[in-house]
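Okay, so the sequence shown: first residue is 164 according to this note's numbering, each after it adds one. Every residue gets a Cβ at the ideal spot worked out from N, C-alpha and C, and that includes glycine. This report concerns only the one structure given below.
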Amino acid sequence: MSILETRHLVWPDEAATEAFAARLARAPGLMNAAIELHGSLGAGKTSLVRHLLRALGVGGRIKSPSYAVLESYDLADWGGAGEVSHFDFYRFDDPREWEDAGFRDIFARPGLKLCEWPEKAGTMLPLPDLRIRLEAQADDSRSVTLEAYTPRGQDLLGSLAP
């Protein structure tokens with residue numbers, strides 16, 4: 164798997180995370196992208212997803228899928244279009260759980276796929292369009308690395324200029 168393009172950012176605070184999510188929400192091609200989110204506990208993966216879902220128009224409570232593994236959002240419920248699948252594979256003990264849960268079908272259909280802890284699914288996940296690596300810094304900022312693995316991922320990076 165080759166990285167086609169990489170960008171490095173620093174989010175000094177939560178407002179910067181929210182602003183990034185708002186730009187990403189407007190990116191053409193987002194609604195059929197697969198995005199992996201990497202980082203240690205507390206790095207800001209779920210926070211980024213919440214900001215992104217809000218920017219896409221999701222109202223009400225946005226739950227972390229830590230226990231359910233998957234939370235789905237039909238954006239039509241909030242006046243939008245498309246489906247978002249938010250995965251959290253943190254509790255996976257065996258990558259085969261991905262196959263047993265029927266996630267292959269979800270990845271085969273249209274919609275945005277957001278995956279936290281993708282490494283726990285091993286090689287079962289398809290190639291992501293975009294990989295976002297978050298690292299919390301001592302001053303509460305976030306060091307962010309964006310890696311595009313597909314032309315769609317490159318298009319997403321291209322649309323993220325502030």
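Within the region 175-204, the runs of alpha helix (DSSP H) at least 4 residues long that lie entirely inside it are, in chain order, 177-188.
For the pair Glu199 and Leu288, the Cα-to-Cα distance works out to about 10 Å. Per the C-alpha coordinates, the member of Asp292, Ser210 and Ala185 positioned closest to Arg305 is Ser210. As a beta-bridge residue in DSSP terms, Arg294 pairs with Glu199 and Glu310. Here Arg213 is buried: its Cβ has 16 or more other Cβ atoms, across all protein chains shown, within 10 Å. Proximity of the region 165-178 to the region 216-227 falls short of the contact definition, fewer than three beta-carbon pairs being nearer than 8 Å. In the assembly as shown, Ala311 is a buried residue. Its beta-carbon has 16 or more other beta-carbons within 10 Å. Rounded to whole angstroms, the separation of the alpha carbons of Ala299 and Ala206 is 5 Å. Within a 10 Å sphere around the beta-carbon of Ser248 sit 16 or more other beta-carbons, which makes this residue buried. The C-alpha of Trp280 is placed about 21 Å away from the C-alpha of Asp303.
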